[in-house]
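Notes to accompany the following structure.
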Ligand code: ADP
Ligand code: MN
């Protein structure tokens, strides 16, 4: 036979092996023709070939690759000389081989006769038997019925393996150890074989206990020469399927290896085998050898043999098919003695299977794909590139990575390194599992048998790869294109200009109130406050100011830049910094994705000299509903440990019962200060009003008795007018010896007058915000109050120039948050009518907009006042203010008047928050809720009579925290955002 020259090869395959064949052909200067299905139209094998043709219709992703006549048609129409079938698909189909030959096309593979004789597992066994090769005892013919199977099993003896008569890839195989399971397992194997290969027949084989899988690579030419290229160890398997392969084998006696080689060659000689083939054996612990099957084609793991022998198997396949002799100079393989190997090679198959989900295939787009390279690394990739779509129709193998090393462990180290170098994002891969395996001592020492993975579940314990980069890029892309649902208006022309932090370079931290608390304790600090003639300030810039002006959106990042400089300049001059509480928790977790705890710890570190203060809703802590007492307790202790010195405790209904427990915990379990609030509403000057002086004095008495260290007047809506302030402070001073702390919002723009009056009446501390973050719904301006007090005997001599520098910083920072600015432009006296608190006012408009009620904002405000009236005038601060707001919104959108509510109430389904208020979820008011209103809203539901907390069972905090950590890992683990 003389050599035929091959000009053009059609590759009847896809993916990595198609590309592999292209490469070999290309080196031989042979043109290539690819076929691809519609589903594969973007796959790389199509583009690597010189020509490519779609095969099948647009709805047929896979089957056309099995279409013998369709493929032949393309070959014949395009002057193809030879067809390479790759592995899988039609590669072991002798009919296809025959059809090629019938059409004058060279089949790159063994003859159809050899394929028929060795490709079938049972006939291969008889060939082996003839060649005196030990085989696994087995039934001699395919079996159809259970009776036949039973008979064969009785002859062979348990345990056995039930195997599909045709097919492979580990499918249709079951191990039977007990007779009782035979029927079920036979049915399973047979059913699986029927679905996968269209043939439900099986055969029975003796089960070999935990062997190694060793296979020998064979190469034969068309001139009767057959050589082996040594063996591969494919014992690393999952469910009878190869995962990682090694060449040569490790830890087998030389004599065993030589027997294997000889057996393989002997079997192939019986059929005058040509081209590439693999003879598979099982080798048990005593190194008994059992032939199992021949694969009459190139195999996935052929790369490792190429790497250790230096012989290009696919090139050899092509040349052999063209008639070239093994010993010919053109092929250059020579005879058996000329073939040698060096070192060790390992191949692993990187698949898009999720090892943590039992290797379930994962699909989707590869958002990133970067592969490894370097000395001793060979890559055979299929359709792996950034942007590639992994489709469920095809094999999940992305790339084969082959590493060579002088010794097995060198190859293992190199392969592990290469796998670490990979960056594959968008789909899960088995890489973490492969790395575990490569590190495994038994693997590195060649002690693996086929059951190893199954018996070592620890290999599946995978590190949690966080993939931060991809998450970040996805987030940025999403926000850049789609914007944030939270940010309604964006100005594309807005320019972010750096805010200048006042330079405090060499200045140092001076001791302040924090040191007084530390050194003299709570009583010492309270005494110290009493002794001060000067007015003391609490700076709310880090909390209430931006809560009121910017919907609490200020990021820790912007605070931290200026925190320490401010601590150096003014930390010792202010009484405290309000930095936490209120909406801090909700907003930082929900919108900013920050850990509020971390913010607290960072601020604590930045302000070593100043008391840090937070706002705490008595029985709700920082939530919006009542929590079990153990949650509130743990929260307070934890907050104190993390840096809170002063807890400003309040109840939205001024219900002392709801505050008592928190105050007790602060007293008994922390060294922090309990500053208890009276929430101010109405007008204290109205002697007959519900909120007259007696009302407040009674609460103060109760709070003092409950253990409060400071009394705060929390004027959250800015209703406390100057004269009322003078009166209230004076009366409180008479009634209690505790320091008085005044908090207000400047919605009406006259609250500096209120402060002046309060200061004249002896108030101890007032809440202020740095000038550029002050005014309107925020607190009065720190800078201006300092200026006002410059001429006053209670003035405290804080450096105004420096304060103004800080104001410049915040002025700039504030612009970054422009989408969150409230729409209130000027002070308004309306607040005395609607009594909407500062924080709520800035949220109400967006809420109304969300409900499509923006044009009815005036009505909403009126309804707000009416709902308040309906309730007999209640204290309105989160969460009670929200209830009133919800109800006002509800009335507006349904066009209800108060009369409608009272008349038709029985048929109205009230908003949940309103029902919850009436039920007593937020607590009680003095004299209790209006019984008839309760009945109207709750219908037959029974209201609470005790604290809502009393109805709640304690939470298992450990468990809750574990849940939380799992759900929000970023909020518990993150440490790196500043
Ligand atoms: P396939 O056609 O799927 O390649 P094989 O017959 O080559 O099927 O077997 C695949 C794997 O199944 C083997 O490597 C081995 O792990 C296991 N296996 C097959 N036959 C036996 C047997 N008789 N005893 C024990 N294990 C077996
Ligand atoms: Mn096999």
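In the numbering used here, the protein residues as written are 435 to 1412. Just so it is clear, CB atoms sit at the ideal spot from N, CA and C, and this is done for glycine as well.
Beta-carbon proximity of residue i to residue j, cut-off 7 Å
{"i": "residue 631", "j": "residue 583", "result": "no"}
{"i": "residue 1045", "j": "residue 1079", "result": "yes"}
{"i": "residue 1207", "j": "residue 975", "result": "yes"}
{"i": "residue 397", "j": "residue 1108", "result": "Because the chain is modelled from 435 through 1412, residue 397 falls outside the range shown and cannot be assessed."}
{"i": "residue 570", "j": "residue 639", "result": "yes"}
{"i": "residue 1311", "j": "residue 1113", "result": "yes"}
{"i": "residue 1228", "j": "residue 969", "result": "yes"}
{"i": "residue 698", "j": "residue 680", "result": "no"}
{"i": "residue 471", "j": "residue 449", "result": "no"}
{"i": "residue 717", "j": "residue 645", "result": "yes"}
{"i": "residue 674", "j": "residue 604", "result": "yes"}
{"i": "residue 1280", "j": "residue 1060", "result": "no"}
{"i": "residue 616", "j": "residue 789", "result": "no"}
{"i": "residue 641", "j": "residue 609", "result": "yes"}
{"i": "residue 1272", "j": "residue 982", "result": "yes"}
{"i": "residue 946", "j": "residue 1088", "result": "no"}
Supposed close pair residue i, residue j - CB separation, criterion 8 Å
{"i": "residue 971", "j": "residue 1009", "result": "6 Å"}
{"i": "residue 565", "j": "residue 701", "result": "5 Å"}
{"i": "residue 1414", "j": "residue 1106", "result": "The structure shown has nothing for residue 1414, since the chain only spans 435 to 1412."}
{"i": "residue 521", "j": "residue 731", "result": "5 Å"}
{"i": "residue 1015", "j": "residue 1049", "result": "3 Å"}
{"i": "residue 671", "j": "residue 887", "result": "7 Å"}
{"i": "residue 626", "j": "residue 606", "result": "5 Å"}
{"i": "residue 693", "j": "residue 723", "result": "6 Å"}
{"i": "residue 786", "j": "residue 861", "result": "5 Å"}
{"i": "residue 1177", "j": "residue 1212", "result": "No, residue 1177 and residue 1212 are not in contact; Cβ-Cβ is about 11 Å, not under 8 Å."}
{"i": "residue 846", "j": "residue 804", "result": "Not a contact, Cβ separation roughly 22 Å."}
{"i": "residue 703", "j": "residue 773", "result": "Actually they do not touch by this definition, with Cβ atoms about 17 Å apart."}
{"i": "residue 743", "j": "residue 775", "result": "5 Å"}
{"i": "residue 798", "j": "residue 824", "result": "6 Å"}
{"i": "residue 1188", "j": "residue 1159", "result": "4 Å"}
Opening and closing residue of the alpha helix (DSSP H) in which residue i lies
{"i": "residue 1323", "result": "1314-1328"}
{"i": "residue 1395", "result": "1391-1401"}
{"i": "residue 1129", "result": "1127-1140"}
{"i": "residue 1047", "result": "Per DSSP, residue 1047 belongs to no alpha helix (DSSP H); it is in the beta strand (DSSP E), 1045-1051."}
{"i": "residue 736", "result": "736-743"}
{"i": "residue 865", "result": "865-873"}
{"i": "residue 1275", "result": "1272-1284"}
{"i": "residue 969", "result": "First-last for residue 969: undefined, no H or E at that position."}
{"i": "residue 1336", "result": "1332-1338"}
{"i": "residue 803", "result": "No alpha helix (DSSP H) contains residue 803, which is instead part of the beta strand (DSSP E) from 802-804."}
Residue i - containing beta strand (DSSP E), residue span
{"i": "residue 1038", "result": "Note, residue 1038: premise wrong, no beta strand (DSSP E); alpha helix (DSSP H) at 1030-1040."}
{"i": "residue 1084", "result": "1080-1084"}
{"i": "residue 831", "result": "831-839"}
{"i": "residue 664", "result": "660-672"}
{"i": "residue 675", "result": "675-681"}
{"i": "residue 781", "result": "778-785"}
{"i": "residue 607", "result": "607-610"}
Taking three-plus beta-carbon pairs below 8 Å as touching, is the region 828-837 in contact with the region 770-789? yes
Just to be sure I understand the criterion: a residue counts if its Cβ is closer than 6 Å to at least one heavy atom of the ligand GDP. Which residues meet that? This structure lacks the ligand GDP; the ligands present are the ligand ADP and the ligand MN.
Please list the segments of the alpha helix (DSSP H) lying wholly inside the region 488-521, counting only runs of 4 or more residues, in order along the chain. 502-511
Closer than 8 Å is the cut-off here; do at least three beta carbon pairs connect the region 748-766 with the region 450-464? yes
Of all the beta strand (DSSP E) runs that stay within the bounds of the region 1159-1238, which reach a length of 3 or more residues? 1174-1178, 1199-1202
Count the CB pairs spanning the region 1240-1253 and the region 951-958 that are closer than 8 Å, and state whether there are at least three. no
Check whether the region 1020-1040 touches the region 986-996, taking contact to mean three or more Cβ pairs, one atom from each stretch, closer than 8 Å. yes
With a threshold of 8 Å, are at least 3 pairs of Cβ atoms found where one atom belongs to the region 481-498 and the other to the region 761-769? no
Along the chain, which unbroken stretches of the beta strand (DSSP E) at least 3 residues long are found entirely within the region 689-731? 709-717, 723-729
Can at least three beta-carbon pairs, one atom from the region 1249-1262 and one from the region 1233-1240, be found at a separation below 8 Å? no
For the region 1331-1388, list the alpha helix (DSSP H) runs that are entirely contained and at least 4 residues long, ordered along the chain. 1332-1338, 1346-1353, 1365-1372
Entirely enclosed alpha helix (DSSP H) segments - the region 435-484, minimum 4 residues: 449-461, 478-482
As an exercise, report each continuous alpha helix (DSSP H) stretch of at least 4 residues that is fully enclosed by the region 847-935, in chain order. 865-873, 875-878, 886-889, 902-916
List, from N- to C-terminal side, the alpha helix (DSSP H) runs of 4 residues or more that fit wholly inside the region 1240-1272. 1265-1268
Runs of alpha helix (DSSP H) lying entirely within the region 557-605, each at least 4 residues, in chain order: 580-590
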